[in-house]
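Asker:
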Amino acid sequence: MIDERLKDKATDFLFEAILLLETKEECYRFFQDLATVAEIKALAQRLEVARMLEEDVTYSRIEELTGASSATISRVKRCLYYGADGYKTVLAKMAKKQSQKNGQKTTNEVETS
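With this note's numbering applied, the sequence shown covers 30 to 142.
1) On the three-pair Cβ rule with 8 Å, is the stretch 64 to 84 touching the stretch 97 to 110?
2) Would you call the stretch 85 to 92 and the stretch 115 to 125 touching, i.e. three or more CB-CB distances under 8 Å?
3) Work out the CA separation of E33 and G112 for me, nearest whole Å.
4) In angstroms, rounded to a whole number, what distance separates the CA positions of Q74 and E92?
5) Output the residue ranges of the alpha helix (DSSP H) runs that lie fully inside the stretch 39 to 90 and measure 4 residues or longer, sorted by chain position.
6) With DSSP run on the structure shown, which of helix, strand or coil describes G17?
7) Just to confirm the assignment, what range does the alpha helix (DSSP H) spanning G132 have?
8) So, T101 versus V66, is the Cβ gap smaller than 8 Å?
9) Contact check, L50 vs F59 under 8 Å by CB: the rounded distance?
10) For C56, collect the residues of the same chain with a Cβ closer than 7 Å to its Cβ; drop the 5 residues on either side in sequence, then sort them by chain order.
Rendered as structure tokens:
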């Protein structure tokens with residue numbers, strides 16, 4: 030469920046702009062103008078933490094590999110399992126894209142075949 034506090038014209042405009050980006054280069058350029066390096070790195074770190082949690086990596090190993098605090102890892106885990114399914118949606122799409130790139134089927138694709 031989407032937090033209604035997020036929904037407004039400015040946020041819609043931001044997300045519409047992001048959806049128009051077609052390449053990593055365009056993303057780098059847009060986000061470099063939009064946010065600080067630290068803000069972008071924090072977002073990237075959270076997504077990496079979510080990926081690792083989905084792979085059952087331990088908190089201590091995640092801290093070691095990403096530099097994320099246990100508080101950040103806990104917050105990401107809470108969102109991953111009790112949030113709006115944003116992490117799960119993105120991670121599933123990324124896994125599907127990677128498997129297609131590698132010529133393999135994802136678990137869901139194999140189960141439905």
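Quick reminder that beta carbons are idealized off the backbone N, C-alpha and C, glycines included. This one's a predicted model, so the numbers in the text were calculated from it and none came from an experiment.
Answerer: Result, derived from the coordinates:
1) By the C-beta criterion, the stretch 64 to 84 is judged to be in contact with the stretch 97 to 110, since at least 3 inter-stretch pairs fall below 8 Å.
2) These segments do not touch.
3) Counting from 1 along the sequence shown, the entry for residue 112 is found at position 83. Counting from 1 along the sequence shown, the entry for residue 33 is found at position 4. Spanning the alpha carbons of G112 and E33 requires a straight line of approximately 13 Å.
4) Translated into the one-based positions of the sequence shown, residue 74 becomes position 45. Translated into the one-based positions of the sequence shown, residue 92 becomes position 63. Going by the C-alpha atoms only, they are around 11 Å apart.
5) As far as the stretch 39 to 90 is concerned, its whole alpha helix (DSSP H) runs of at least 4 residues are 53 to 63 and 66 to 83.
6) The displayed coordinates of the chain run from 30 to 142. Any statement about residue 17 would go beyond what the structure contains.
7) Working through the sequence shown from its first residue, we reach residue 132 at position 103. No alpha helix (DSSP H) contains G132, which DSSP labels as neither H nor E.
8) By one-based count along the sequence shown, residue 101 stands at place 72. By one-based count along the sequence shown, residue 66 stands at place 37. Going by C-beta atoms, T101 is not nearer than 8 Å to V66.
9) By 1-based counting over the sequence shown, the position of residue 50 is 21. By 1-based counting over the sequence shown, the position of residue 59 is 30. About 6 Å; that satisfies the 8 Å criterion.
10) For the purposes of this step, residue 56 is taken as the residue at position 27 of the sequence shown. Within the same chain, and ignoring the five residues on either side of C56 in sequence, the residues whose Cβ sits closer than 7 Å to its Cβ are L50.
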